[in-house]
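Here the structure is laid out as structure tokens; the discussion comes afterwards.
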Amino acid sequence: MHIYLSGDSLIARHEGYQQPILNHLLKEKDASINITNTAVPGINSQQFLQQYNKLGPNQNFDYLVVLLGTNDLAIHKQIPLEQFKININEIITRLLKKYHSQQIILVSPPPVDENKQQFRTNQLVLAYSNILEEECVAYNLKFLSLYQLLSNQEVPVTQLLQGTLDDGLHFGETAYSIFSDALYELFVDAKY
């Protein structure tokens with residue numbers, strides 16, 4: 014199985030590993046998984062589009078996983094909701110030129126610890142996540158709400174968001190394990 018991962022720092026983070034932690038955890042589940050990770054810390058949907066020829070999928074993949082919105086919603090560099098929707102539509106349109114809708118998984122931004130995160134709020138996370146979910150429904154794509162996934166755990170979100178940065182946004186290994194489990198289930202349980 015060949016997987017494409019892209020988006021922002023939440024896909025790119027290593028959290029002490031030699032490779033992105035998400036790559037590591039997915040390969041732990043299945044050593045035969047081949048992963049291409051083009052994630053760029055700090056990137057937003059506008060920048061992703063501008064760099065699509067470099068960052069977009071350029072091989073044959075079984076599944077594409079894209080997490081964008083985290084930097085679009087940050088109030089110090091915000092991409093307005095209307096523009097975010099336009100950008101996501103364009104990204105989806107480009108992906109659908111080569112891939113079936115059920116091969117594409119859009120992931121929402123995670124919840125944030127508002128006591129530590131000065132540029133992001135959970136209200137904004139939900140607003141941008143709703144756009145992603147609406148577009149996934151409209152185009153029949155798979156959607157993974159990282160916000161709901163982490164918010165519905167027995168472990169408090171404030172604990173899940175304690176990664177090496179501990180900034181209320183970049184989460185640690187426990188949350189990455191939950192995230193990778195959910196992704197892996199989408200890969201193995203739902204064949205397009």
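In the working numbering, the protein residues as written are 14 to 205. C-beta atoms are modelled at their ideal positions from N, C-alpha and C, and glycine is treated no differently. Note that this is a predicted model, so its numbers are computed, not measured.
- Message: Looking at the secondary structure, which residues open and close the beta strand (DSSP E) in which asparagine 47 lies?
- Response: Indexing the sequence shown from 1 puts residue 47 at position 34. 47 to 50 is the span of the beta strand (DSSP E), which, as asked, contains asparagine 47.
- Closest Cα partner of arginine 26 within the set Asp194, Asn100, Ala188: Taking the first residue of the sequence shown as position 1, residue 26 is located at position 13. Nearest of Asp194, Asn100, Ala188 to arginine 26, Cα basis: Ala188.
- Message: Between glutamate 198 and isoleucine 34, how many whole angstroms is the CB-CB distance? I'm expecting something under 8 Å.
- Response: Translated into the one-based positions of the sequence shown, residue 198 becomes position 185. Translated into the one-based positions of the sequence shown, residue 34 becomes position 21. The Cβ separation is near 18 Å, so there is no contact.
- Item | From Leu145, Lys90, Leu162, residue whose alpha carbon lies closest to that of leucine 154 | What you label residue 154 is simply residue 141 of the sequence shown in a count that begins at 1. When only C-alpha atoms are compared, the closest one is Leu145.
- Task: With a 10 Å radius around its C-beta and 16 neighbouring C-beta atoms as the bar for buried, classify threonine 51 as buried or exposed.
- Result: Within the sequence shown, numbered from 1, the residue matching residue 51 stands at position 38. Classification of threonine 51: buried, given that the 10 Å Cβ count is 16 or more.
- Item | Rounded C-alpha distance that separates leucine 81 from glutamate 167 | Numbered from its first residue, the sequence shown carries residue 81 at position 68. Numbered from its first residue, the sequence shown carries residue 167 at position 154. Cα to Cα, the separation comes out at about 26 Å.
- Query: So what's lysine 40 in DSSP terms, helix, strand or just coil?
  - Reply: The residue labelled residue 40 in the question sits at position 27 within the sequence shown. Looking at lysine 40 - three-state DSSP - the assignment turns out to be helix.
- Item | Rounded straight-line distance, which links the Cα of isoleucine 118 to that of lysine 110 | Locating residue 110 in the sequence shown gives position 97, where the first residue counts as 1. Locating residue 118 in the sequence shown gives position 105, where the first residue counts as 1. Approximately 15 Å, taken between the alpha carbons.
- Item | Nearest to asparagine 100 (by Cα), restricted to the options His15, Glu148, Tyr76 | Within the sequence shown, residue 100 is the residue found at index 87, counting from 1. The option with the nearest alpha carbon to asparagine 100 is Glu148.
- Task: Say whether the segment 14 to 31 touches the segment 52 to 71, bearing in mind that this needs 3 or more beta-carbon pairs closer than 8 Å, one atom from each stretch.
- Result: yes
- Query: What are the start and end residues of each continuous alpha helix (DSSP H) run of 4 or more residues lying completely inside the segment 159 to 191, in chain order?
  - Reply: 159 to 164, 170 to 173
- Query: Is the segment 78 to 93 in contact with the segment 38 to 47, if contact means three or more CB pairs nearer than 8 Å?
  - Reply: no
- Query: Does the separation of the CB atoms of leucine 163 and proline 124 fall below 7 Å?
  - Reply: Here residue 163 is taken as the residue at index 150 of the sequence shown, counted from 1. Here residue 124 is taken as the residue at index 111 of the sequence shown, counted from 1. In contact: leucine 163 and proline 124 (Cβ atoms closer than 7 Å).
- Roughly how many angstroms lie between the CA atoms of phenylalanine 156 and isoleucine 105, to the nearest whole one? In the sequence shown, residue 156 corresponds to position 143, counting from 1. In the sequence shown, residue 105 corresponds to position 92, counting from 1. Roughly 12 Å separates the two Cα atoms.
- Message: Rounded to whole angstroms, what is the Cα-Cα separation between leucine 62 and proline 169?
- Response: Taking the first residue of the sequence shown as 1, we reach residue 62 at position 49. Taking the first residue of the sequence shown as 1, we reach residue 169 at position 156. Spanning the two alpha carbons is a distance of roughly 35 Å.
- Should proline 70 be labelled buried (16 or more other beta-carbon atoms within 10 Å of its own) or exposed? Residue mapping note: residue 70 aligns to position 57 of the sequence shown, counting from 1. Looking at its Cβ environment, which holds 16 or more other Cβ atoms inside 10 Å, proline 70 is buried.
- Message: I'd like the span of the beta strand (DSSP E) that includes tyrosine 76, first residue to last.
- Response: Here residue 76 corresponds to residue number 63 of the sequence shown, with the count starting at 1. Taken as a continuous stretch (DSSP letters only), the beta strand (DSSP E) holding tyrosine 76 covers 76 to 80.
- Query: In terms of residues, what are the limits of the beta strand (DSSP E) holding leucine 154?
  - Reply: By one-based count along the sequence shown, residue 154 stands at place 141. Looking at the DSSP string, leucine 154 is not in any beta strand (DSSP E), and its letter there is neither H nor E.
- Under 8 Å by Cβ, that's how I've got threonine 177 and glycine 29 pegged, so tell me the actual separation to the nearest angstrom. Within the sequence shown, residue 177 is the residue found at index 164, counting from 1. Within the sequence shown, residue 29 is the residue found at index 16, counting from 1. 7 Å between Cβ atoms; contact.
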